[in-house]
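Residue numbers (this note's numbering), protein chains in the order written: chain A, 1 to 145; chain B, 146 to 584.
Some notes on the structure that comes next.
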Amino acid sequence: MSVFVAAVIAFEILMRSIFVRPTTWAAESTIFACGLIYLLGGAWTLLEDKHVRIDMLYGKWTPKKQAVIDCITYLPFSLYILVMLWATWIYTAESIKLRETTMSPWDPPIYPMKIAMTLSLVLLYLQGTAKMIRNLYFALTGRAL
Amino acid sequence: MSIELISILIVVSMLFLMALGLPLAWTIGAVAVALTLYMFEPGVLMMLVARVFDMSLNYTLMAVPLFVLMAAILQRSGVAEDLFSAVHVWAGGLRGGLAIGTIIANAIMASMVGIIGAEIVTFGLIALPQMLARNYDDKLALGSIAAGGGLATLIPPSVVFIVYGMIAGCSVGELFLAGVLPGLILAAMFIGYVIWHCWRHPEAAPPASLEERNISLVQKLTLQKKLIAPISLATGVLGSMYLGIATPSEAAGVGVLGAIVTAVINRRFNWVVLRDSCYETVKISAMLSWLFFAAQTIIGAYTLAGGTTFVQNSLKAMNLGPWGTIIFMQIIWVFLGCFLDWVGILFLTVPLFLPIVLGMGFDNVWFGVVFCMNMHIAYLSPPFAPSAFYMKSVSPPHITMMQIYIATLPYLWLTFLATILVTAIPWLSLWLPELLLRH
Numbered sequence: 001m002s003v004f005v006a007a008v009i010a011f012e013i014l015m016r017s018i019f020v021r022p023t024t025w026a027a028e029s030t031i032f033a034c035g036l037i038y039l040l041g042g043a044w045t046l047l048e049d050k051h052v053r054i055d056m057l058y059g060k061w062t063p064k065k066q067a068v069i070d071c072i073t074y075l076p077f078s079l080y081i082l083v084m085l086w087a088t089w090i091y092t093a094e095s096i097k098l099r100e101t102t103m104s105p106w107d108p109p110i111y112p113m114k115i116a117m118t119l120s121l122v123l124l125y126l127q128g129t130a131k132m133i134r135n136l137y138f139a140l141t142g143r144a145l
Numbered sequence: 146m147s148i149e150l151i152s153i154l155i156v157v158s159m160l161f162l163m164a165l166g167l168p169l170a171w172t173i174g175a176v177a178v179a180l181t182l183y184m185f186e187p188g189v190l191m192m193l194v195a196r197v198f199d200m201s202l203n204y205t206l207m208a209v210p211l212f213v214l215m216a217a218i219l220q221r222s223g224v225a226e227d228l229f230s231a232v233h234v235w236a237g238g239l240r241g242g243l244a245i246g247t248i249i250a251n252a253i254m255a256s257m258v259g260i261i262g263a264e265i266v267t268f269g270l271i272a273l274p275q276m277l278a279r280n281y282d283d284k285l286a287l288g289s290i291a292a293g294g295g296l297a298t299l300i301p302p303s304v305v306f307i308v309y310g311m312i313a314g315c316s317v318g319e320l321f322l323a324g325v326l327p328g329l330i331l332a333a334m335f336i337g338y339v340i341w342h343c344w345r346h347p348e349a350a351p352p353a354s355l356e357e358r359n360i361s362l363v364q365k366l367t368l369q370k371k372l373i374a375p376i377s378l379a380t381g382v383l384g385s386m387y388l389g390i391a392t393p394s395e396a397a398g399v400g401v402l403g404a405i406v407t408a409v410i411n412r413r414f415n416w417v418v419l420r421d422s423c424y425e426t427v428k429i430s431a432m433l434s435w436l437f438f439a440a441q442t443i444i445g446a447y448t449l450a451g452g453t454t455f456v457q458n459s460l461k462a463m464n465l466g467p468w469g470t471i472i473f474m475q476i477i478w479v480f481l482g483c484f485l486d487w488v489g490i491l492f493l494t495v496p497l498f499l500p501i502v503l504g505m506g507f508d509n510v511w512f513g514v515v516f517c518m519n520m521h522i523a524y525l526s527p528p529f530a531p532s533a534f535y536m537k538s539v540s541p542p543h544i545t546m547m548q549i550y551i552a553t554l555p556y557l558w559l560t561f562l563a564t565i566l567v568t569a570i571p572w573l574s575l576w577l578p579e580l581l582l583r584h
């Protein structure tokens, strides 16, 4: 996971140096870099528990109750991610088959970005599942895994 | 199933999942996917995926991580300390001078930083200990920082405006300009309140000690040198945008560079600062953009199901008239503001409200400023008041949440007043963009 983050950050640093040199490829490549940050950063943000939630009730519960509820809300989370993953996969496969490009002056291939989107959903799901297992263990035994 | 029933089901299931503490992004996404699977064939999912994908490569969205990074670096660069010391030497003899200085420094900082959290945390660490050390009333000290930090949303650059501009499809540059005047008005109101409060309760803000006041003019002017870097940074970023040299996204990139230069000048730049700033940026922008993605899915699915037309028709059927509708929308915002933060409110309501508002002939940019003012209220209104939470995170332990809520109350009422002003007089927000950009 941290390897990905390092890669993302490397992209960010690269981005800044690109900024002072306007070329045909700069705009698109920085957009791609930012896209990668959002997509791949999602799973890491989940790990760090930084996705906003409404903790009006949630914040008042005991850690054990939070863990139990988190295991239940894992179901809608899975529904969203898995369905999106399935659809994104078809979307990506099509793009790979066509060797789709962005149709701009620079005209880079677009399918690696779509692969990144699929990958990011896979990572998110893995991270979500890892969290769920940890929560389940905590809910059952009262000890952190 | 009729669209009425579906709409109710969507709202109920969203509220239910949110109450269970499922992060907002997954809540919205799960409801969107369930809706799509139930109403349409799976092919529609492809459309949702395409919407999400387009969003991830959106050029305007790029400004978000860059401005966040700029704020994160500036927060660690010592600029705020410089600003604070440069401003408050002038106000030393005045009663409440420190509180006034805090608000002014906040306003200047707001022209470089677009995130409320960054402002409140920074000034909470710098200005709060100084005010408490000088026996300022807790209420005055806490309120001026928590409320002054909120100016970051109105004074450009502001992340709220960028995100609104993307959803509403209007120029981020115009939004930024439109926010300047309301932001200054609000700052002036806050300062006015502090002066009035100190005049009524002189014991709340003891003046500076004599030796502190006896700084020679030369020394005061030397302190002003520290202002050069931050102010040129702010003018560089905003100026390049308004002169048409750079788009907001490019200006943000220049700003990041400028923030690094400033940090280097202050000898605060090192690997840890850069790393922590980058980490923070990735987390905030990933959080925001996954919310974007989820919002794209629900908006797509709900529009296809006929939901947008339904909401529009029912709002029209209420027969409130144009201004009645605007006021009604704001009441909804203020109400939601007690429980949600601006991200949630923006994604849930603006896509539904905007077509109606534009249909009635109102201005896109003006509506954005009105939205922003309402979010200002949302930041301060308990029980879910992000400003107060940020404040609490940097306050000494003896200060309770309740004290902070009470301290921000007068500023909350002032913000209400300013919101009414901005709503009633569109000229306040539209004059600057018209003067500079719309000829």
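Note that CB positions come from ideal geometry on N, CA and C, so glycine has one too.
Note that the coordinates shown come from a computational prediction; the quantities given were computed from them, not determined experimentally.
First through last residue of the alpha helix (DSSP H) which encompasses residue 204(B):
Looking at the DSSP string, residue 204(B) is not in any alpha helix (DSSP H), and its letter there is neither H nor E.
Under the rule that 16 or more other beta-carbon atoms within 10 Å means buried, what is residue 545(B), buried or exposed?
In the assembly as shown, residue 545(B) is an exposed residue. Its beta-carbon has fewer than 16 other beta-carbons within 10 Å.
What is the residue span of the alpha helix (DSSP H) that residue 517(B) lies within?
509-525
Residue 114(A) CB to nearest chain B CB: under 8 Å?
yes
Which stretch, first to last residue, makes up the alpha helix (DSSP H) that contains residue 588(B)?
Not covered by the structure: residue 588(B). The range shown for chain B is 146 to 584.
Residue 217(B), buried or exposed, once every other Cβ within 10 Å from all chains shown has been counted against 16
buried
Beta-bridge pairing of residue 568(B) - partner residues as DSSP gives them:
DSSP output for residue 568(B) lists no bridge partner at all.
Tell me which residues of the region 166-187 of chain B have at least one Cβ-Cβ distance to chain A shorter than 9 Å, keeping chain order.
166, 167, 168, 169, 170, 171, 172, 173, 174, 175, 176, 177, 178, 179, 181, 182 and 187
Kindly indicate which three-state DSSP category residue 101(A) falls into: helix, strand or coil?
strand
Among residues of its own chain, excluding the 5 on either side of residue 376(B), which ones have a beta-carbon nearer than 8 Å to its beta-carbon?
253
Around the Cβ of residue 427(B), are there at least 16 other Cβ atoms within 10 angstroms (buried) or fewer (exposed)?
buried
Minimum length 4: unbroken alpha helix (DSSP H) runs contained in the region 388-447 of chain B:
393-410
Considering only residues of the same chain and omitting the five flanking positions on each side of residue 410(B), which have a CB-CB separation below 7 Å?
374
Measure from the alpha carbon of residue 397(B) to the alpha carbon of each residue in 315(B), 310(B) and 206(B), then state which is nearest.
With respect to the C-alpha of residue 397(B), the residue from 315(B), 310(B) and 206(B) having the closest C-alpha is 206(B).
What's the gap between the Cα of residue 193(B) and the Cα of residue 179(B)?
13 Å
Within chain B, the residues that residue 39(A) reaches when beta carbons sit closer than 7 Å
201
Any C-beta of chain B sitting closer than 8 Å to the C-beta of residue 109(A)?
Chain B, which has no Cβ nearer than 8 Å to the Cβ of residue 109(A), makes this no.
With DSSP as the reference, please indicate the residues paired to residue 109(A) in a beta bridge.
As DSSP reads the structure, residue 109(A) sits in a beta bridge with 101(A).
Rounded to the nearest angstrom, how far is the Cβ of residue 152(B) from that of residue 529(B), given a contact under 8 Å?
Residue 529(B) and residue 152(B) do not touch by the CB rule: their CB atoms are close to 24 Å apart, not below 8 Å.
Start-to-end residues for the alpha helix (DSSP H) that takes in residue 365(B):
Per DSSP, residue 365(B) is one residue of the alpha helix (DSSP H) stretching across 362-369.
Quick one: does residue 53(A) have its CB under 8 Å from some CB of chain B?
yes
Neighbouring residues, chain B, relative to residue 87(A) (Cβ below 8 Å):
187, 190, 191, 193 and 194
Can you tell me whether residue 559(B) is helix, strand or coil according to DSSP?
helix
Using Cβ-Cβ distances below 9 Å, what residues of the region 422-451 of chain B are close to chain A?
423, 424, 426, 427, 428, 429, 430, 431, 432, 433, 434, 435, 436, 437, 438, 439 and 442
Determine the burial state of residue 101(A): buried for a count of at least 16 other Cβ atoms within 10 Å of its Cβ, exposed for fewer.
exposed
Could you tell me the alpha carbon to alpha carbon distance between residue 224(B) and residue 405(B), rounded to whole angstroms?
11 Å
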